[in-house]
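S.K.:
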Amino acid sequence: MEFNISQSVRREDVPDKIAGIAKYIGDYKFKDMLYARTLRSTEARAIIKNIVFPKLPDGYCIVDKGDVPGRNRVKIIDYDMPFFADGVVNYIGEPIALVVGKDKRVIESILSQIRVEYQRIEPILSVEDGLNAEKPIFGDNNCFSDYTISKGDMVSAKRRAKFVYEGEYETGYQEQFYLEPQGMIGVYEEGKVSIYGSIQCPYYVKNAVEECLGFEPYRVRIVQTTTGGGFGGKEDYPSLIGGQVACAALKTKKPVCLIFERNEDIEVTTKRHPSKIRLKSYIDENYRVLGMEGDIVLDAGAYSGLSSVVLQRAMFASAGVYNIENLVVRGRAVATNKVVSGAFRGFGAPQAFFAIEMHMEHIARELGIDPFEFKLSNILRQGDRSTTGGLYRDRILLPEMVNRVIKMSSLEEKKKAFKEKRKIGKLNGIGLSMFFHGGGFTGSGERDHIKGRVRLVKDDKGYVEILVSNVEMGQGAGTTLRKIAAKTLEVPLSKIIFNNPDTDRVPDSGPTVASRTTVIVGKLVQEASEKLKERWSEDRVEVEVQYKYPEGFYWDNDRFEGDAYTSYSWGVNAVEVEVDPTTCEVKINGVWAVFDIGSAIDERIVKGQIDGGIVQGLGYASIEVMEDRSGKIMQRKSTDYTIPTSMDVPEIKSELMCEPYGGGPFGAKALGELTLVGAAPAYALAIEDALGVKINKIPVRPEHLMEVVQNGK
Amino acid sequence: MKINLKINNINRDIDVEPGEVLYDVLRRCGFTSIKKACGTSSCGVCTVLLDGMPVPSCSYLAVKADGHNITTIEGIKEEADRIGKFMVEEGAVQCGFCSPGFLLTVIAMEREIENPDSQGIKNYLAGNLCRCSGYEGQLRAVKKYMGVSE
Ligand code: FES
Ligand code: FES
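Structure representation (C-alpha cells):
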C-alpha cells in the first residue's frame, strides 16, 4: 500500500476515547474487588516507634512491610526506596501501609484512627543543607550521584580568555499533572499475580514486582490499561504501587484496586527536579566561548529513583547548542527529605537549556554585543564535538531554523516596534531559544540495559500484530508504529494490529520513555517488517529482532566519554509576551516554532506533540509554581497548582525542517520531549526583552518581576 | 434516601447517601464515560449536562440533582459522532481522558451561545483542562465544527 509516511491518518484509539468507552484503570471491575488507601508519613524524617491500629472490622486488613515476601526495595535503578516504610520515613507522604477492604468509607475511617508514633530526626530540607549534611540520608556525602565531565584544556582556555562571565540559574518543581491519576489493580489467581494499570513501562513494573514478591518471572504479568497521560510521571512511580497492590492481592487473595485522588497524586508522586545551575564562561576577544565551567545541583528528594540519569542528561546538555571546546561540568543529585524527584518530559534537559540560553544572552548583554550574532557565531556545526566528545555526524540546521522562526514571527520588525512602544509605557517583548534533545537512552543504555526486542506475528489472514512493550499513552505511539509496519510491509494500515501491551504476550522492547518509541522501537519494527516481508507467503509467521548498537558509535560509561546519543533532534522557539506595567502579569501573545525531528511519521500526531509540549513548557516557565516548606509541598491541591488553560495560550505556529537520521525509521528522530525543552527560555527571554531585566529563575512570577522592576534594574 | 434522575431520557429511582456526589452515583449506575481528574471542580473532566448546562459532577451533590435531567456521552451518541469527527480530524484527542467532558461542554456551548467567535469559544472552554493537546487541536476542531473562521 503506497502512502506517504508523513501524511496523517486516523488514529484508531480515538473513537473509543471520544465515546467514553475506552477503559482506563478506574473502569475495570473484578469480582470481589477490594479497595486500598495509603497510610503515609506526616513527618519529613523520623523513626517509626510504634503504630497503633484500631480494631479492624471483618474483611479489612493492613498491608505493610511485613507482607512483602521478597525484597522490600523498589528496583528502579538502585534499590533504595521501600515499598512500605521499614522503620524510618524520609519524606512527607512516604507510604507506610495500605488499608484494604470493601468499602471506601470504612477504609477512610480506619485510616483516620491509625496512630503512628514518630521519633523525629532533623530533616534535610534544602540542597544547601543536603550538601553539608551531618547526618546524611544517603552515603557519606548525601549525594545520590556526583559526576564530573570534562574535555579539552580548561587551563589554556582560561589563559587565553579575555572576558569571564558567571551566572546562576534556578528552576522549580513541575508536576506532570497527567489528567488520569496514578492507579493500579493487583489480581492473584492460581499462583500468579497480574497487575493492571496506568503505566509507561510494563517491564519496569514487572521486574519490580518479581523482586517484591520473590516470584519467578512467569508468575508475574503486567497489563497496561488505556493510559490518561504520563509525561514521565508513570515511568517510575507505578513500580512502587505495582508492588504494593501485588502484596495486597497476595495477602487477601482478592483483586485490590489502588487509585489516587488528585491531591494525593500531586503531593506524593514524583516531579521534575528543581535545579541550581552555575555556569562560568571564558570568552576570547572575538567573542568565542573558549571554555565553560558548570556546576549542576539537582534536588533529588528522599530516594535516588531516576536521578542519576536525569543528572547525566542535564550535564550533557549543559553547553546547549554551542560549540564549547573546553569544559568541566560537575553534577550532583542531592538527597533531601522531600518527595522523590523523577522523570518528566525532558528529563534534565529543560533545566540545562534554561540555564545555558539565559547565560548566553546575559554574556552578550554584558559585553554589549548582539545576542543573536554572539550565539550564532558559537553555534554547533556538523563535525563539532559534544560535551562528552561525541561527534555531531549529521548536518545541524539551526541557522536555517533560526532564520525561519525570525521570519515567521517577524521578530526583527517586532523588536524595533516594541522599542518604540516601551517609550510610551507598553511592555512587549520577544525571545528566541535554541535547543536539542538526544533520542533514546543516554550513553550505552539501549545496548547494555534495554536490549529492546520487537516481535511481529502474521496470521493466515494476513493480519500482523505488533508485539512491543511500549504503550500508547496519548502520544500516538500505536498509530506511529502501525504506520511504520504497514509502509514497510506494503500492506493497508488496517491489516496492522496494535494492542495495549500485556507482558505475557509481548517481549521487552523497553520502556516508553526518552523519546525512544519512534526512533529506537520504530526502527526495530521496520527491521522486523523487512524480515517478515521476505517470508510473507508463509501462513503464520513470527519474527523477532533485537536492538543492535549502531556501528561507528562509541560510549565509555565510566568516563562519560563518547556519543551520549546516537541521534539529535533540534528546535528553535520564539515567544512574544506583553507585561502589565502595574501588576507585572504576563500575557503570551504568540508562539512560533521550528523543529528538526528528521522525517515526521504522522504530521498530525507530530503537531499534537508540539502543541502539548510547548504549552507544558510555557506552564513550567510561568504559572506552574510548586514550592515546599518544612518538607511539605505547598501547592498540593488541584486548586493551588495551576496548569495552563485554553485562555493562557495563543495559537502555536510550527513548522518542520528535516535532516533525516539514517538509523531511524524512514529517517525519523526523537520528538516527544524536545517540544517542551525550549519554551521556558524563550518565554523568559521575551520578558527580559520587555522589561530590560535579567531573569535567572523560573517559574517567572509577577511578584518577583515587580521586585526586580522596582529595584530599577 | 431515594432520588429520581432522568439520565439520558430514562427515569431512574436511585438510592443515594446524603453526601454523595453525582459523579459517584452516575458511575455506580454504569455511566463510566464520566471521568474524574481533580475532584475539586477545577478541571471540567467530570462534566455532565444538568438540564443542558454543564456541571462538574465531582462536586455536585446527587440530592441536588433530584428531579433533573442528566446527559452523559452515552446519551448523545449522534451529536458526539458529529463533533467527534472534527476532533479526530484536528488531532484534538490524545490520551482522551478529558474528551468526554470536553465534548459535553462543547454541546452545551453550542446550545447556549449563538455564533460564538474564537475568543468566545476559548472563554467557554477555559474550564476544561487538557494536559496533552495544548488546546490547539481542540480549538481548531471546535472552530471548524461551528464554522468559525479566524
Ligand atoms: S473532576 Fe470534577 S471538575 Fe475536575
Ligand atoms: S487528551 Fe489527554 S488530557 Fe486532554
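Respectively, the protein sequence lines represent chains A and B.
Under full-length UniProt numbering, the first sequence has 58 at position 58, and the numbering climbs by one with no breaks.
Under full-length UniProt numbering, the second sequence has 63 at position 63, and the numbering climbs by one with no breaks.
Ideal Cβ placement from N, Cα and C applies to all residues, glycine included.
Please read these numbers as outputs of a predicted model, since none were measured by experiment.
Compile a chain-ordered list of the residues in the segment 79–109 of chain B whose CB is closer than 7 Å to at least one CB of chain A.
M.R.: So the list reads 80, 84, 87, 88, 91, 93, 94, 95, 96, 97, 98, 99, 100, 103, given in the order they occur along the chain.
S.K.: Which one of A:228, A:119, A:122 has the shortest CA to CA distance from residue 18 of chain A?
M.R.: The option with the nearest alpha carbon to residue 18 of chain A is A:228.
S.K.: Check the Cβ of residue 611 of chain A against every Cβ in chain B and list those closer than 7 Å, keeping chain order.
M.R.: Near residue 611 of chain A (Cβ distances below 7 Å), the residues of chain B are 133, 134, 136, 137.
S.K.: Would you say residue 47 of chain B reaches chain A, if we count a Cβ-Cβ gap shorter than 9 Å as a contact?
M.R.: Chain A, which has no Cβ nearer than 9 Å to the Cβ of residue 47 of chain B, makes this no.
S.K.: Taking a contact to mean a Cβ-Cβ separation below 9 Å, would you say residue 430 of chain A touches residue 577 of chain A in this structure?
M.R.: Cβ atoms of residue 430 of chain A and residue 577 of chain A: closer than 9 Å.
S.K.: Let me check you understand the geometry: is the CB of residue 604 of chain A closer than 8 Å to at least one non-hydrogen atom of ligand 2?
M.R.: Every heavy atom of ligand 2 is 8 Å or more from the Cβ of residue 604 of chain A, so no.
S.K.: Taking 9 Å as the CB-CB cut-off, is residue 178 of chain A touching chain B?
M.R.: Output row for residue 178 of chain A: interface = yes.
S.K.: Does the CB of residue 108 of chain A have a neighbour CB from chain B at under 9 Å?
M.R.: Not an interface residue.
S.K.: Could you give the distance in angstroms between the alpha-carbon of residue 1 of chain A and the alpha-carbon of residue 194 of chain A?
M.R.: Its pLDDT being 49, under 50, residue 1 of chain A is placed unreliably in this model, and the coordinates cannot settle the point.
S.K.: With distance defined between alpha-carbon atoms, name the residue in B:65, B:9, B:50, B:32 nearest to residue 20 of chain B.
M.R.: Closest option to residue 20 of chain B, Cα to Cα, is B:65.
S.K.: Leaving out five residues before and five after residue 207 of chain A in sequence, what residues of the same chain have Cβ atoms less than 7 Å from its Cβ?
M.R.: Answer for residue 207 of chain A: 75, listed in chain order.
S.K.: Taking 9 Å as the threshold (beta carbon to beta carbon), is residue 153 of chain B in contact with chain A?
M.R.: Nothing in the structure corresponds to residue 153 of chain B, since chain B is present only between 1 and 150.
S.K.: Which same chain residues end up closer than 6 Å to residue 543 of chain A when comparing Cβ atoms and leaving out the 5 residues on each side of it in sequence?
M.R.: If we look at residue 543 of chain A and ignore the five residues flanking it on each side, its Cβ neighbours are 456, 528, 531, 532.
S.K.: Can you tell me which of A:691, A:158, A:447 puts its alpha carbon nearest to the alpha carbon of residue 583 of chain A?
M.R.: Minimum Cα distance to residue 583 of chain A is reached at A:691.
S.K.: Which residues, in order along the segment 201–219 of chain A, keep a beta-carbon less than 7 Å from a beta-carbon of chain B?
M.R.: Those would be none; no residue qualifies.
S.K.: What number of angstroms, rounded off, separates the C-alpha of residue 616 of chain A from the C-alpha of residue 286 of chain A?
M.R.: C-alpha separation (whole angstroms): 38 Å.
S.K.: When every heavy atom of ligand 2 is checked, does at least one fall within less than 8 Å of the C-beta of residue 143 of chain A?
M.R.: No, the Cβ of residue 143 of chain A stays beyond 8 Å of every heavy atom of ligand 2.
S.K.: Quick one: what does DSSP say residue 68 of chain B is sitting in, helix, strand or coil?
M.R.: Reduced to three states, the DSSP call for residue 68 of chain B is coil.
S.K.: Would residue 112 of chain B count as contacting chain A if we go by Cβ distances under 9 Å?
M.R.: So, not an interface residue.
S.K.: Tell me which same chain residues have a C-beta within less than 8 Å of the C-beta of residue 30 of chain B, skipping the five on either side of it?
M.R.: Closer than 8 Å at Cβ, skipping near neighbours: no residue.
S.K.: Report the residue ranges of all beta strand (DSSP E) runs contained in full by the segment 59–109 of chain A; include only those spanning at least 3 residues, in chain order.
M.R.: The segment 59–109 of chain A contains these whole beta strand (DSSP E) runs: 61–63, 95–101.
S.K.: Quick one, which residues of the segment 465–486 of chain A are near chain B if we go by CB-CB under 8 Å, in chain order?
M.R.: Those residues of the segment 465–486 of chain A that come within reach of chain B (Cβ to Cβ, closer than 8 Å) are 473, 474, 475, 476.
S.K.: Tell me which residues of the segment 618–643 of chain A have at least one Cβ-Cβ distance to chain B shorter than 7 Å, keeping chain order.
M.R.: If the cut-off is 7 Å between Cβ atoms, the segment 618–643 of chain A has 637, 638, 639, 643 near chain B.
S.K.: Would you say residue 616 of chain A lies against chain B (beta-carbon separation less than 9 Å)?
M.R.: Interface residue, yes.
S.K.: Would you say residue 22 of chain B lies against chain A (beta-carbon separation less than 9 Å)?
M.R.: Residue 22 of chain B does not count as touching chain A.
S.K.: What number of angstroms, rounded off, separates the C-alpha of residue 108 of chain B from the C-alpha of residue 633 of chain A?
M.R.: Approximately 37 Å between the Cα atoms of the pair.
S.K.: Going along chain B, which residues have a C-beta under 7 Å from residue 586 of chain A?
M.R.: Result: empty, since nearest Cβ-Cβ is about 17 Å, beyond 7 Å.
S.K.: For residue 304 of chain A and residue 142 of chain A, I'd like the C-alpha separation in whole angstroms.
M.R.: Taking the straight line joining both Cα atoms gives about 11 Å.
S.K.: Comparing alpha-carbon positions, which option in A:238, A:594, A:467, A:709 lies nearest residue 409 of chain A?
M.R.: Measuring from the Cα of residue 409 of chain A, the nearest candidate turns out to be A:594.
S.K.: Is any heavy atom in ligand 4 found nearer than 8 Å to the beta carbon of residue 668 of chain A?
M.R.: With respect to small molecules bound, the structure shown includes ligand 1 and ligand 2 and not ligand 4.
S.K.: Could you list which residues in chain B have their beta carbon closer than 7 Å to that of residue 268 of chain A, in chain order?
M.R.: By Cβ distance, chain B contributes nothing, its closest Cβ being about 16 Å from residue 268 of chain A, past 7 Å.
S.K.: Compare the Cα-Cα distances from residue 49 of chain A to each of A:181, A:375, A:120, A:159 and report the closest residue.
M.R.: Among A:181, A:375, A:120, A:159, the Cα nearest to that of residue 49 of chain A is on A:120.
S.K.: From the DSSP output, in three-state form, read off residue 359 of chain A for me.
M.R.: Three-state DSSP puts residue 359 of chain A in a helix.
S.K.: Just to confirm before moving on: does the CB-CB distance between residue 100 of chain A and residue 34 of chain A stay below 9 Å?
M.R.: It is a contact, given that the beta carbons lie within the stated cut-off.
S.K.: Buried or exposed: which applies to residue 587 of chain A, given that a residue is buried once 16 or more other Cβ atoms fall within 10 Å of its Cβ?
M.R.: Exposed, since its Cβ has fewer than 16 Cβ neighbours within 10 Å.
S.K.: The beta strand (DSSP E) spanning residue 165 of chain A covers which residue range?
M.R.: First-last of the beta strand (DSSP E) with residue 165 of chain A: 163–171.
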